[in-house]
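Participant: Mind the numbering: the sequence shown is residues 4 to 67 in the numbering used here, read in order.
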Amino acid sequence: MQYWTHEEVSLKLLDCSQIVNGEVCIRLATFKEMVFDPKYPPEMFDESIEVIKDLEQKMNLKAS
4 MQYWTHEEVS
14 LKLLDCSQIV
24 NGEVCIRLAT
34 FKEMVFDPKY
44 PPEMFDESIE
54 VIKDLEQKMN
64 LKAS
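(1) Return the CA-CA distance between residue 126 and residue 47, expressed in angstroms with no decimal places.
(2) Secondary structure at residue 5, three-state DSSP: helix, strand or coil?
(3) Measuring straight from C-alpha to C-alpha, what distance separates residue 53 and residue 60?
(4) Within its chain, find whatever has a CB closer than 7 Å to the CB of residue 33; leave out the 5 residues flanking it on each side and keep chain order.
(5) I'd like to check one pair, residue 29 with residue 16: are the Cβ atoms closer than 8 Å?
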């Protein structure tokens, strides 16, 4: 199994992020898709799950 390099992950993150009010926001759905892709490096997986939880929490706070 060939995993993406850190550089490729960074580029993919850039692809799925957008600037909102001067802040870089990751589109959650795209990010999730990327993290659950089998090519996503497993050593970054746990960390990314935390980021996803954090983003979801922030989105829930904004929605309420």
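Note that beta-carbon positions come from the ideal geometry of N, C-alpha and C, so glycine has one too.
Computed from a predicted structure; not experimentally measured.
Facilitator: According to the data block:
(1) A query on residue 126 cannot be resolved here, the shown segment of the chain reaching from 4 to 67 and no further.
(2) Walking along the sequence shown from the start, residue 5 turns up at place 2. Residue 5: coil per DSSP, three-state reduction.
(3) Here residue 53 corresponds to residue number 50 of the sequence shown, with the count starting at 1. Here residue 60 corresponds to residue number 57 of the sequence shown, with the count starting at 1. C-alpha separation (whole angstroms): 11 Å.
(4) Along the sequence shown, read from residue 1 onward, the residue named residue 33 stands at position 30. So the list reads 19, once near-sequence residues are dropped.
(5) Here residue 16 refers to the residue found at position 13 when the sequence shown is read from its first residue. Here residue 29 refers to the residue found at position 26 when the sequence shown is read from its first residue. Result yes, Cβ atoms of residue 16 and residue 29 sit closer than 8 Å.
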